[in-house]
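> The structure follows.
There are 4 protein chains.
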Amino acid sequence: MSFQNPVFIPGPTNMPEVLRKAIDMPTLDHRSPLFAEILHPALEGVRKVLKTETAKVFIFPASGTGGWETALTNTLSPGDKVLAARNGMFSQRWIDMCRRHGLEVEVVEARWGEGIPAARYEEILTADKGHSIKAVLATHNETATGVRSDIAAVRRAMDRAKHPALLFVDGVSSIASMDFRMDEWGVDIAVTGSQKGFMLPAGLAILGFSGKAMRAGEMAALPRTFFDIRDMEKSYAANGYPYTPAVGLMNGLKLSTQMLLSEGLDNVFARHHRIAEGVRRAVDAWGLKLCAISPDLFSDTVSAIRTPDGFNATDVVSHAAKKYGVAFGTGLGEVAGKVFRIGHLGSLTDVLTLSGIATAEMVMADLGLPIRLGSGVAAAQDYYRNESKSKKAAA
Amino acid sequence: MSFQNPVFIPGPTNMPEVLRKAIDMPTLDHRSPLFAEILHPALEGVRKVLKTETAKVFIFPASGTGGWETALTNTLSPGDKVLAARNGMFSQRWIDMCRRHGLEVEVVEARWGEGIPAARYEEILTADKGHSIKAVLATHNETATGVRSDIAAVRRAMDRAKHPALLFVDGVSSIASMDFRMDEWGVDIAVTGSQKGFMLPAGLAILGFSGKAMRAGEMAALPRTFFDIRDMEKSYAANGYPYTPAVGLMNGLKLSTQMLLSEGLDNVFARHHRIAEGVRRAVDAWGLKLCAISPDLFSDTVSAIRTPDGFNATDVVSHAAKKYGVAFGTGLGEVAGKVFRIGHLGSLTDVLTLSGIATAEMVMADLGLPIRLGSGVAAAQDYYRNESKSKKAAA
Amino acid sequence: MSFQNPVFIPGPTNMPEVLRKAIDMPTLDHRSPLFAEILHPALEGVRKVLKTETAKVFIFPASGTGGWETALTNTLSPGDKVLAARNGMFSQRWIDMCRRHGLEVEVVEARWGEGIPAARYEEILTADKGHSIKAVLATHNETATGVRSDIAAVRRAMDRAKHPALLFVDGVSSIASMDFRMDEWGVDIAVTGSQKGFMLPAGLAILGFSGKAMRAGEMAALPRTFFDIRDMEKSYAANGYPYTPAVGLMNGLKLSTQMLLSEGLDNVFARHHRIAEGVRRAVDAWGLKLCAISPDLFSDTVSAIRTPDGFNATDVVSHAAKKYGVAFGTGLGEVAGKVFRIGHLGSLTDVLTLSGIATAEMVMADLGLPIRLGSGVAAAQDYYRNESKSKKAAA
Amino acid sequence: MSFQNPVFIPGPTNMPEVLRKAIDMPTLDHRSPLFAEILHPALEGVRKVLKTETAKVFIFPASGTGGWETALTNTLSPGDKVLAARNGMFSQRWIDMCRRHGLEVEVVEARWGEGIPAARYEEILTADKGHSIKAVLATHNETATGVRSDIAAVRRAMDRAKHPALLFVDGVSSIASMDFRMDEWGVDIAVTGSQKGFMLPAGLAILGFSGKAMRAGEMAALPRTFFDIRDMEKSYAANGYPYTPAVGLMNGLKLSTQMLLSEGLDNVFARHHRIAEGVRRAVDAWGLKLCAISPDLFSDTVSAIRTPDGFNATDVVSHAAKKYGVAFGTGLGEVAGKVFRIGHLGSLTDVLTLSGIATAEMVMADLGLPIRLGSGVAAAQDYYRNESKSKKAAA
């Protein structure tokens with residue numbers, strides 16, 4: 001018999017009932033005025049979650065990868081140069097995409113577990129007197145390593161270098177879960193998806209474009225149709241969509257942003273921090289280390305946990321799935337086999353998180369790691385019960 | 001923001017997705033042949049779960065209480081005498097119902113936490129030479145105290161007394177979760193509901209009537225219409241229902257019995273036992289005692305946990321709900337304030353159960369009880385991981 | 001492949017999406033404060049729909065039949081006398097129930113198709129100088145014949161006879177669809193169910209009790225437990241329920257009353273009248289007659305349509321189901337084979353009603369009745385398009 | 001109050017309950033083996049629906065437009081030449097996309113309402129001795145005009161010209177509703193979406209690639225990442241996906257293909273033909289003409305209906321939505337204001353189609369067109385009742 005445990009993957013997240021019901025709509029004519037009542041509140045809600053007053057929001061029926069492609073193809077031309085750091089699987093994939101689209105990439109290598117080296121960005125940008133670099137790429141939260149980089153520092157580096165490049169930020173696994181300030185940080189394109197902080201199924205690429213990014217589009221020569229933001233812009237103005245939209249998902253996004261804003265973004269971020277910190281206390285109690293090399297880099301949406309040398313971390317994930325019906329994340333790329341990941345974003349409670357921690361303990365014990373059962377749980381319990389003084393966790 | 005933790009009340013239980021979807025049907029004409037395709041498999045599925053070859057099954061749009069009333073009014077007449085033990089809130093309510101329907105009740109008092117005193121039953125029945133006692137009432141699982149009584153022993157007592165009374169068993173919180181053998185134990189009426197082992201919402205009273213119980217109905221003078229099994233019997237034979245049925249719930253029941261039988265009843269019972277035993281290991285690790293006075297009485301569907309003198313056990317329940325968004329059960333009647341209850345029946349996994357145990361620990365610690373965080377969790381983890389050698393828990 | 005046509009039975013009705021979603025809740029602890037947030041708004045919403053300031057509302061997990069039993073057993077004693085008219089299957093069933101509960105019934109026979117003969121009631125009540133009649137029963141809308149009786153006239157008859165009997169009204173297929181004025185008409189007990197005007201699945205018996213009916217309960221000697229309103233009253237006061245409630249359905253009822261009251265009861269009634277009148281125009285265009293013998297009796301929730309002599313009206317229903325996948329209602333009791341019924345209550349639009357009318361035409365043509373295809377549809381279209389000047393039908 | 005009428009737009013279609021429930025899944029780890037149990041049956045089901053033994057199937061989280069882009073970017077290089085006919089809005093959009101991707105398009109103009117001029121294709125291909133044309137584009141069903149073109153004739157034209165170009169077919173509004181024979185017709189790329197014949201929400205682009213098309217991809221220089229079929233191919237082989245898949249929609253697609261294949265494709269096509277023919281009978285009874293200029297071109301998924309000169313056909317759509325809550329399709333591009341469209345594909349019954357026809361009649365009468373109410377309905381009824389001899393419509 002199959003019963004449903006929560007998932008502990010770094011997205012898609014567990015979904016609240018109300019969002020599932022908002023998505024599961026009967027068919028609605030997307031060319032009728034009813035669609036406008038979904039489209040505009042969804043766009044407006046995303047805008048507020050991005051903390052921007054002026055950016056234009058675009059929603060595509062695609063994934064976060066499609067969102068990246070939207071960013072590149074709507075602003076750049078073949079042969080254009082971009083600056084990017086490689087500190088994990090998702091930043092690596094973005095670099096790969098740039099190359100497949102004929103862009104030149106200046107890659108800054110970083111250890112997997114480190115953040116974006118803003119100082120190195122500054123050097124390179126300062127040296128780029130001719131402003132051949134058109135865009136700076138930054139992965140806000142490296143889902144593969146559980147590392148949150150400092151986007152404000154990247155912006156400061158660009159400003160100190162007085163460099164006019166655009167700043168593109170992959171916020172797929174940070175936006176709506178951790179603080180993100182599009183305007184304050186001078187982000188030109190923010191990219192995210194429906195299946196992380198918005199607690200929806202995969203299926204929407206969500207982007208914000210600054211005025212500067214919109215203007216860059218006028219010159220962009222990379223071919224695009226499906227991902228063309230100008231078609232979107234024109235259609236939105238007429239309460240429509242350039243092709244058939246994913247109406248149910250957009251209705252879910254409308255409600256999701258209402259829920260997030262009504263809880264208050266600061267409360268949402270605090271909730272993610274509290275839940276994440278409980279996981280980290282457990283990891284510490286187990287005597288293990290995170291992949292992220294220092295506390296300022298710890299992600300509040302996913303923890304990548306290093307296992308001892310000689311142990312295959314991927315076994316944790318397959319054993320947990322097979323024996324306990326619980327999904328964790330494997331290590332990817334360079335850290336494959338070295339880490340397993342606990343996703344702790346989206347729709348989750350302290351209480352459910354404890355079940356994930358408890359499962360990880362059983363799994364590691366089953367696999368022969370010297371973990372004392374209950375040790376991580378106790379550390380997390382101690383933290384949660386002191387942090388949840390009021391009814392935060394319950395509501 | 002409200003996210004959904006599992007409930008740990010002794011019913012209604014957590015519900016599997018597939019059952020919720022089976023219930024949530026569009027309207028179907030209950031006078032059409034489509035209804036027969038729901039009715040008969042549901043009746044037949046229940047029959048198998050009751051482990052009876054010959055009993056007639058009846059399904060009413062009501063609750064377990066309605067099921068009890070069905071048992072009484074279809075077999076007895078005003079002034080008839082019944083024998084009943086009072087060892088908890090639910091047996092007490094049944095006694096109360098008998099009296100409200102003008103029956104005379106010979107009550108055997110038992111301590112709350114004890115099972116049905118079969119020996120005392122035997123004495124009384126043996127003494128009842130004139131067979132004035134028409135029915136013997138037995139609560140299989142006292143939901144209030146977490147006590148499972150021995151129905152086979154009650155039957156043996158009746159047989160040894162050579163007494164022809166009917167045997168009515170309240171299996172509301174046992175059937176479909178713990179072994180129940182209608183034919184083997186000579187049960188004349190079995191009563192249960194949809195919201196426990198069947199993992200459905202409340203709304204169906206489910207009964208099995210032996211041939212002897214059916215025959216008793218011919219003389220029964222207690223008034224009844226809504227709960228008349230003869231109307232049901234006649235209607236079922238014509239693929240119909242005497243009034244408007246709860247079609248969706250019955251469709252859920254059809255699927256629920258298919259799931260239970262396909263898992264195998266023995267596996268279902270073993271799963272409940274394993275999950276329950278983990279809870280009991282935790283209780284033991286906490287240094288607390290169950291309300292049930294001896295291991296042979298321990299219920300596999302609900303544990304009533306005694307808290308220290310001077311402590312109000314009800315605070316556990318209200319604090320857990322308010323601070324952690326988790327529902328436990330309070331003590332009822334004589335054990336109000338003395339116990340809190342953890343329900344562990346229906347749709348539940350080892351993993352989710354650990355979150356309930358972990359929550360109880362935090363709550364008790366918050367309220368000042370000398371509980372070591374993680375201690376109960378560790379005891380349960382140790383048990384679960386050794387008992388779930390294969391993919392039992394996961395599937 | 002099975003696709004879903006709307007049903008045209010006189011209940012359960014087609015259900016709005018939002019109500020289905022409100023019912024399909026995850027398990028909630030019915031002993032927690034969360035339940036009060038469902039219970040009280042549901043009770044209060046029903047009170048407003050009944051148009052009463054003072055009556056107490058009770059909601060049982062049962063059907064309308066259970067509602068009738070609640071009315072009888074909470075106010076009467078064995079041997080009490082009641083006055084009732086028999087003008088259809090449902091009034092006949094109520095009479096039958098009275099007798100099975102040991103009540104004496106003074107039956108006023110009426111032709112099936114007529115309303116309650118208020119003048120005859122007046123004669124009998126006037127003649128009952130000793131006030132041996134304790135309750136007057138009235139079926140507001142005879143679902144079997146499509147006849148709406150005049151409850152105000154029944155009240156006037158009682159008043160003119162200066163008779164103190166209680167007035168019980170079966171409003172199962174009228175309340176929430178046609179005007180019902182509990183206080184103004186002096187109704188002592190109003191009985192209805194969830195599956196008609198409230199547009200929910202079957203599973204709730206819904207009652208209003210006047211102060212006088214509540215007082216009568218103090219003397220009522222008919223046995224009852226499941227249907228005891230005093231247990232309900234006590235539990236409601238403590239934000240609880242005497243046994244496990246059907247929480248999801250009650251949540252649906254809460255939302256249903258909000259929808260009805262927000263649309264405005266007068267608009268709800270007008271909508272039902274408009275849709276019903278379209279069906280009647282179609283019947284007229286077909287050259288057929290309703291079972292109801294005069295326009296003042298025409299029900300706005302169901303039309304029973306007489307077919308020519310020698311034709312088995314039940315064939316319409318089975319043929320429609322088999323060939324077209326559409327459910328109509330058969331004739332019951334005395335009018336079995338003589339009428340078929342089109343239910344037009346609850347969640348329905350002009351547009352969907354036309355599909356039912358069109359189907360009936362095809363069916364009758366298939367079965368050899370001299371019906372001109374499109375004739376009834378045209379009559380209904382003509383009516384609907386003129387009555388739906390604004391966006392009434394759409395919304 | 002808002003109740004749900006069926007939609008009569010040419011997609012997204014009305015959705016069967018079971019598909020909505022299959023989509024509405026709790027979160028599943030798409031990197032676990034559970035995903036393979038969805039992915040492979042969905043791919044295999046699509047393959048059978050496309051009637052191909054050898055093509056590779058790809059499913060993208062996108063729309064039909066994304067499907068077109070997939071076809072172009074995976075096979076062609078900038079400057080490549082393609083041949084395309086413009087006979088409606090969707091063929092025009094495809095031409096536009098080609099140009100935006102730097103392809104040269106040889107456009108064959110056709111009147112909107114005509115099919116693809118295969119003879120003209122043959123002339124052009126025959127003249128293209130140097131085989132500079134790399135691909136021939138064909139819109140199987142022009143959704144804007146309700147015209148189904150003859151793809152076999154296009155193939156014959158190519159064969160007679162002995163031209164090696166690839167054949168790309170837009171089957172968005174034909175596949176799974178009208179006969180489509182990928183292998184027999186020598187189609188190299190078939191493009192469709194989830195929201196038409198598959199009866200799902202929008203959100204999936206679905207493609208079949210012949211071996212020849214796969215090989216063409218090795219040389220294709222158009223940039224692509226999100227839509228790269230080689231990434232898909234590699235991931236599928238490892239039971240995975242190159243990025244986060246739309247798991248719920250794919251689960252719906254798996255079930256949808258099972259439903260279609262279990263009904264039998266020929267039965268599915270016959271059902272669409274029957275429903276469409278009923279609509280055409282109605283149009284004829286109204287004295288109106290279809291946009292499609294001859295019966296061999298009539299689409300079985302959508303009918304574009306010409307209104308009299310001087311009448312704005314778009315008013316039909318807005319009036320129907322506002323007054324009756326029913327969605328029809330407007331005319332697009334060159335036929336804007338000249339036609340309105342009735343979509344009759346996907347999940348629909350004869351009975352529901354009659355409600356659409358009846359609504360169109362009321363709307364046209366409201367707007368002053370000389371339509372006799374019931375005339376179109378009668379024509380369709382007459383057809384349906386004779387074509388639905390058995391229980392075809394019901395099931």
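Residue numbers (the UniProt record's numbering), protein chains in the order written: chain Y, 1 to 395; chain H, 1 to 395; chain X, 1 to 395; chain G, 1 to 395.
No residue lacks a Cβ here, since even glycine has one placed at the ideal position from N, Cα and C.
Model, not experiment: these values are computed from the prediction.
1. Under 9 Å, do Thr126 of chain H and Arg31 of chain X count as touching if we go by C-beta distance?
2. Inspect the CB distances between the stretch 196 to 206 of chain H and the stretch 172 to 181 of chain H and report whether three or more fall short of 8 Å.
3. Which same chain residues end up closer than 7 Å to Ile275 of chain Y when comparing Cβ atoms and leaving out the 5 residues on each side of it in sequence?
4. Figure out for me which residue from X:Ala85, X:Val147 and X:Glu142 has the closest Cα to the Cα of Ala135 of chain X.
5. Hey, does Gln92 of chain G have any beta-carbon neighbour from chain X nearer than 9 Å?
6. So, are the CB atoms of Ala205 of chain X and Thr70 of chain X less than 9 Å apart?
7. Output the boundary residues of the beta strand (DSSP E) element that contains Lys212 of chain G.
8. Can you tell me whether Asn386 of chain G is buried or exposed, with buried defined as 16 or more other CB within 10 angstroms of its CB?
9. If you draw a straight line from the alpha carbon of Ile342 of chain X to that of Phe180 of chain G, how long is it in whole angstroms?
10. Could you tell me the boundaries of the beta strand (DSSP E) in which Arg99 of chain G lies?
11. Rank H:Leu332, H:Trp68, H:Leu207 and H:Ala161 by C-alpha distance to the C-alpha of Tyr121 of chain H and give the top, closest one.
12. Rounded to whole angstroms, what's the CA-CA distance from Glu218 of chain H to Arg47 of chain X? Just pull it up for me.
13. Run down chain H in chain order and give the residues with a C-beta less than 7 Å from the C-beta of Asn14 of chain X.
14. Could you check whether Ala292 of chain Y and Val147 of chain Y sit closer than 9 Å to each other, using their CB atoms as the reference points?
15. For chain G, is any of its Cβ atoms less than 9 Å away from the one on Ala135 of chain Y?
16. Give me the residue from G:Met25, G:Asp128, G:Leu103 and G:Val49 with the minimum Cα distance to Ser262 of chain G.
17. Taking Leu352 of chain G as the query, report the chain X residues whose CB atoms sit under 7 Å from its CB, ordered along the chain.
18. Tell me, to the nearest whole angstrom, how far the beta carbon of Leu200 of chain H is from that of Leu253 of chain H; I am working on the premise that it is less than 8 Å.
19. Return helix, strand or coil for residue 409 of chain G, following the three-state DSSP convention.
20. Are the CB atoms of Ala144 of chain X and Gly64 of chain X within a distance shorter than 9 Å?
21. Do the stretch 220 to 231 of chain G and the stretch 5 to 20 of chain G make contact, defined as three or more Cβ pairs closer than 8 Å?
22. Look at Ile357 of chain H and Ala282 of chain H and say whether their C-beta atoms are less than 9 Å apart.
23. Any C-beta of chain Y within less than 8 Å: which residues of the stretch 186 to 213 of chain G qualify?
24. So Phe60 of chain G is in the alpha helix (DSSP H); what residue range does that whole segment cover?
25. Counting contacts by CB-CB distance shorter than 9 Å, is Met362 of chain H in contact with chain Y?
26. Based on the DSSP output, what are the partners of Trp112 of chain Y in its beta bridges?
27. Does any C-beta atom of chain X lie closer than 9 Å to the C-beta of Tyr236 of chain G?
28. Listing by chain order, which chain G residues have their CB less than 8 Å from the CB of Thr307 of chain Y?
29. Could you check the C-alpha separation between Lys79 of chain X and Gly67 of chain H for me, to the nearest Å?
30. Can you name the start and end residues of the beta strand (DSSP E) that Lys81 of chain G belongs to?
31. 9 Å is my cut-off, CB to CB: does Ser390 of chain H come that close to chain G?
32. By the criterion of Cβ-Cβ separation under 8 Å, what are the contact partners of Gly325 of chain G in chain Y?
From the atom records:
1. No. Outside cutoff.
2. yes
3. His344, Leu348, Asp350 and Thr353
4. X:Ala85
5. no
6. yes
7. Careful: Lys212 of chain G lies outside any beta strand (DSSP E), inside the alpha helix (DSSP H) at Gly211 to Ala216.
8. exposed
9. So the two alpha carbons sit approximately 41 Å from each other.
10. Segment Met89 to Arg100 is the alpha helix (DSSP H) holding Arg99 of chain G; no beta strand (DSSP E) there.
11. H:Ala161
12. 41 Å
13. Thr27
14. yes
15. no
16. G:Val49
17. Asn5 and Ser355
18. Rounded, the Cβ-Cβ distance is 6 Å, consistent with contact.
19. Outside the modelled stretch of chain G, which goes from 1 to 395, sits residue 409 of chain G, for which no answer is possible.
20. For Gly64 of chain X and Ala144 of chain X, no; Cβs fall outside 9 Å.
21. no
22. yes
23. Gly193, Gln195, Pro201, Ala202 and Gly203
24. That residue, Phe60 of chain G, is in no alpha helix (DSSP H); its beta strand (DSSP E) goes Lys56 to Phe60.
25. yes
26. Beta-bridge pairing links Trp112 of chain Y to Y:Glu114.
27. no
28. For the C-beta of Thr307 of chain Y, not a single chain G residue is nearer than 8 Å; the gap to the nearest is close to 18 Å.
29. For clarity, residue 79 of chain X is Gly in the given sequence; the question names Lys instead. Taking the straight line joining both Cα atoms gives about 27 Å.
30. Lys81 to Arg86
31. Reliability of the predicted coordinates at Ser390 of chain H is poor, the pLDDT of 49 falling under 50, and the value obtained from them is presented with this limitation in mind. Cβ-Cβ to chain G under 9 Å: no for Ser390 of chain H.
32. Ordered by position in chain Y, no residue passes the 8 Å Cβ test against Gly325 of chain G, which lies about 10 Å from the chain.
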